[in-house]
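The next block holds one structure in the form of structure tokens; read it before the comments.
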Amino acid sequence: VGFWVLLAGLGFLLMLGRYTVLFDAMHRIPIVGSGRIPVRYHLWVALAVSALAAVGADRLARPGRVRLGAAWGTVLALALASLPILIYVYAPVWTQPNRWTLPEHRDRYRWLGEELLTAGVRTGVLLLVLVFVTSWARRAALPRRRAAIAALLPLLAIADLMGAHWYDVPTVAPSYWTEPPESVRWLRADPRLIRIFGAATFASGEPGYASEPGRIDFFAVRDPLAWSLPIVWGLDSTVGETPILPSRRLRYSDTPDFARFDVEGLSHILTGRPGRSPLGEPVRVGSAYIFRNPGALPRARLLGRPVYVRDDRQADQALKDLGPAIRDRIVVEDPDQPLPPDAVVSGSARIVREVPERVEIETTSSTPAYLFLADTYDPGWSATLDGRPVPVRPALVAFRAVFVPAGRHTVVFSYRPAGFQLGLLITIVGAILGLVLLAWPGQVAALGPTHGDSGWPRGWVRWEPALMVLVLAASAIGRESAGTLGVHPRWSGSFHRFTWGAGIEAMKPRKPLD
């Protein structure tokens, strides 16, 4: 029990993300630092609550007195704490009843109200049934009858889950994934294709996106190939739908000069609406508008005239200083500095084989050079030159480079993330132990007829909420510019009203791009 209580508290703090000081250091902690979206730590909370509920149901099924006062008190306290939050957030429902005037807003408002009412009634009915079942089980004298009554509790949980998903999010037709759109066929036929960038007409989490299938053409939304759709059709893209971006990549994207698109090999930009661009007029292909970038450079090429820097911060400044010259020069973090800063190189590089974790490139040059690959730099990448290990250097802040001598060479980039071997070893050992325990002939542990003392100090559970409040208080307090204490910037704008209404108002026709 103690473990699950601790897991629920830890998951609650981690799912708050930037609102706690823990998030500032999470990226330094193995495994935990790989959490893609903080709110997904609610899965830890859900797992812990489910385990505690299972322990409670098991205890109720066994003989002996069961005290439920603390459990019902906790449920009541959570419900009472939720009421002021509900009133604060949804106050405009009562104070601004005429806020929504468009027919689609009123229809959506009515639908959301019905959903909230249905969920409230369903939860209330289930709660009343839960009270009845637990009281009935406590009063049952026969052990078998008591166990049978307690077995109804998991069925109530299943009924709650099924009721919550009675009307699920609509799905698109399979052809959404199996039949390539016109934009894909057009791009594949263009010999100048290197990489693409797709700008979505709608955001996937936008209010009204997935809940009104009759009003949104999902296939038209797909055609600009936003999010991670390019990889579905075997196309290379400069972006993907991931909530975590490498800091190097993010800083490179902030480079103001348009030449950054050329460096990363961005040859085509797709949008769902027409508009103006320095690239000229777009080509209408199906429901997508495609802009060509004639200045896009190959992903792999040989570069000289290096600008040597110590770290990525210096590289940031070097990119700003060079401006458009980043097309023809390389900013590299190489302490060996094997190539003179004024070295002019000649030669070619060609990608001959490629899978996600391995890229093989053949180079031919009459002079030493840097092989530049416009793929994201990551410490997990290693390289070999003609079979010999060579260092991979960060280039132009976000990309990769390897120094190659004159002549013909083969450079192979391979990816193995940090900690992979250790993780693989732990997995193998765990799997072996699991198989041994499954095949063990004797009983590993015997359950007693009743639950005994957990062995934890009495009253310890009160310290966890106190510690959580302390962490939140420390996270909310910061020092202002004048030196006085105030609300930390991480909490700025964290309290707001009626995101429900804001979502309704976001459902309006889009204007063309300027």
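So the mapping is simple: this note's numbering equals the position in the sequence shown, first residue as 1, plus 20.
By construction, the Cβ of each residue, glycine as well, lies at the ideal position given by its N, Cα and C atoms.
Under 8 Å between C-beta atoms of residue i and residue j
i, j, result
"residue 491", "residue 27", "no"
"residue 77", "residue 163", "no"
"residue 415", "residue 351", "yes"
"residue 279", "residue 344", "yes"
"residue 97", "residue 146", "no"
"residue 347", "residue 282", "yes"
"residue 431", "residue 391", "yes"
"residue 424", "residue 385", "yes"
"residue 144", "residue 214", "no"
"residue 157", "residue 169", "yes"
"residue 507", "residue 496", "yes"
"residue 172", "residue 153", "yes"
"residue 181", "residue 150", "no"
"residue 535", "residue 165", "For residue 535 there is no data in the structure shown, the boundaries of the chain being 21 and 534."
"residue 242", "residue 196", "yes"
"residue 238", "residue 192", "yes"
Residue i Cβ short of 7 Å to the ligand FMN heavy atom set
i, result
"residue 147", "The ligand FMN is not among the ligands present in this structure, which contains no ligands whatsoever."
Own chain partners of residue i with C-beta closer than 7 Å, once the 5 adjacent residues on each side are dropped
i, result
"residue 357", "328"
"residue 397", "268, 414, 418, 419, 420"
"residue 142", "183"
"residue 200", "253"
"residue 426", "385, 386, 387, 388"
Cβ separation of residue i and residue j, assumed to be a contact under 8 Å, to the nearest whole Å
i, j, result
"residue 429", "residue 387", "13 Å between Cβ atoms; not a contact."
"residue 39", "residue 512", "That pair is no contact at about 11 Å."
"residue 399", "residue 438", "6 Å"
"residue 108", "residue 120", "With 8 Å as the limit, residue 108 and residue 120 do not qualify as a contact, their Cβ atoms being about 20 Å apart."
"residue 389", "residue 339", "With a Cβ gap of about 20 Å, residue 389 and residue 339 do not count as contacting."
"residue 271", "residue 336", "6 Å"
Nonlocal neighbours in the same chain, by C-beta distance under 8 Å from residue i, ignoring five residues either side
i, result
"residue 362", "325"
"residue 509", "498"
"residue 216", "207, 245, 250, 255, 256, 257, 258, 286, 287, 288, 289, 290"
"residue 405", "422, 424, 429, 430, 431"
"residue 374", "380"
Cut-off 6 Å between Cβ atoms - residues of its own chain near residue i, not counting five sequence neighbours on either side
i, result
"residue 59", "35"
"residue 302", "309, 310, 311"
"residue 231", "Per-residue confidence for residue 231 stands at a pLDDT of 49, beneath the threshold of 50, marking its modelled position as unreliable; no derived number is given."
"residue 370", "382"
"residue 218", "244, 245, 246, 290"
"residue 64", "27, 31"
"residue 72", "24"
C-alpha gap between residue i and residue j, whole angstroms
i, j, result
"residue 29", "residue 484", "7 Å"
"residue 20", "residue 274", "Because residue 20 is not part of the residues shown, which for the chain are 21 to 534, the question remains open."
"residue 444", "residue 434", "17 Å"
"residue 204", "residue 316", "19 Å"
"residue 402", "residue 409", "8 Å"
"residue 334", "residue 75", "56 Å"
"residue 24", "residue 314", "58 Å"
"residue 233", "residue 159", "Only weak support exists for where residue 233 lies, its pLDDT of 47 falling under 50; the value from the coordinates is given anyway. About 50 Å."
"residue 355", "residue 240", "50 Å"
"residue 68", "residue 95", "16 Å"
"residue 137", "residue 113", "14 Å"
"residue 70", "residue 436", "36 Å"
"residue 378", "residue 248", "20 Å"
"residue 198", "residue 209", "19 Å"
"residue 84", "residue 155", "14 Å"
"residue 456", "residue 462", "11 Å"
"residue 185", "residue 140", "14 Å"
"residue 332", "residue 449", "39 Å"
"residue 458", "residue 446", "18 Å"
"residue 266", "residue 45", "16 Å"
Test: residue i CB closer than 8 Å to a CB of chain D
i, result
"residue 358", "Of the protein chains in the structure, only one exists, and it is not chain D."
Run through the segment 194–226 for me and flag every whole alpha helix (DSSP H) of 4 or more residues, listed as ranges in chain order.
Annotation: the segment 194–226 contains the following complete segments of the alpha helix (DSSP H) (minimum length 4 residues), in chain order: 195–198, 202–208.
Report the residue ranges of all beta strand (DSSP E) runs contained in full by the segment 358–409; include only those spanning at least 3 residues, in chain order.
Taking only runs of at least 3 residues, the beta strand (DSSP E) segments lying wholly in the segment 358–409 are 367–375, 378–385, 389–393, 401–405.
Taking only runs that begin and end inside the segment 94–157, name each unbroken alpha helix (DSSP H) of 4 or more residues, in chain order.
DSSP runs (the alpha helix (DSSP H)) wholly in the segment 94–157: 111–115.
Please specify which runs of the alpha helix (DSSP H), each continuous and at least 4 residues long, are wholly inside the segment 267–293, giving them in chain order.
Taking only runs of at least 4 residues, the alpha helix (DSSP H) segments lying wholly in the segment 267–293 are 267–273, 279–283.
Report the start-end ranges of each beta strand (DSSP E) in the segment 301–361 that is 3 residues or longer and not cut off at the edges.
List check, beta strand (DSSP E) in window: 303–305, 308–312, 320–323.
Sequence ranges, alpha helix (DSSP H) only - wholly within the segment 475–515, length at least 4
Every unbroken stretch of the alpha helix (DSSP H) spanning 4 or more residues and falling wholly within the segment 475–515 is given here in chain order: 483–496.
Note down, one range per segment and in chain order, each alpha helix (DSSP H) of at least 4 residues found wholly within the segment 39–74.
Entirely contained in the segment 39–74, the alpha helix (DSSP H) runs reaching 4 residues are, in chain order, 42–45.
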